[in-house]
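In this note's numbering, the protein residues as written are 415 to 544.
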Amino acid sequence: MKNENKALSLAIVALEQKQNLELEALKNQFFEASESLKPINIIKSTFKEITSSSEIKNSILENAIGIGMGLFAKKILLANSMSVSRNIFGSIVQFIITNVVSNEAGGVKNKVENWIYSYLSHRKDLKKSE
């Protein structure tokens, strides 16, 4: 009888230890989950995902190029015009150019790079000939 009580006491102690370990693990898991759901941590993790993905970087770059070219085209067309019709026309042109350049950013980027390279090469040749 004493052996049975002793074995039962040992089993209870072992189960209590197991329960304490599992409770501690659950507390740690809850803390990690609550930390990951804080707004600042969500923003940080999203930013890390964005900066680590080359596809997203390229997409952002392509859109930035498109927006820049659209704004540039609108600025050239309007030249500080106060006419409502010219402003509407400029906005439409800006929208079209932004979409075209964003969708074809790779080709536009290559053409701009080639143009800059040829322009700089031409300037070097002019300086050498002087």
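Backbone N, C-alpha and C define an ideal beta-carbon position, used for all residues, glycine too.
For residue i, does the count of other Cβ atoms within 10 angstroms reach 16, so buried, or fall short, so exposed?
i    : result
K488 : buried
Q443 : exposed
V515 : buried
Q545 : Any answer about residue 545 is impossible in this case: the structure gives the chain only from 415 up to 544.
Q508 : buried
Please say whether residue j and residue i have beta carbons closer to each other than 7 Å?
i    : j    : result
L485 : G504 : no
T512 : I490 : no
I464 : I470 : yes
Alpha carbon to alpha carbon, how far is residue i from residue j?
i    : j    : result
D539 : N528 : 16 Å
K462 : M483 : 28 Å
N417 : S423 : 10 Å
L478 : V526 : Correcting the residue identity first, residue 478 is Ala in this sequence and not Leu. For A478 and V526, the distance between alpha carbons rounds to 14 Å.
L435 : L429 : 10 Å
K472 : V427 : It should be noted that the sequence gives Asn, not Lys, for residue 472. About 59 Å.
Quick one: complete alpha helix (DSSP H) runs, 4+ long, within the segment 488–525? Under the rule that a run must span 4 or more residues, the alpha helix (DSSP H) segments found entirely inside the segment 488–525 read 498–517.
So within the segment 432–482, which uninterrupted beta strand (DSSP E) runs reach at least 3 residues, ignoring any that extend past its ends? As far as the segment 432–482 is concerned, it has no whole beta strand (DSSP E) run of at least 3 residues.
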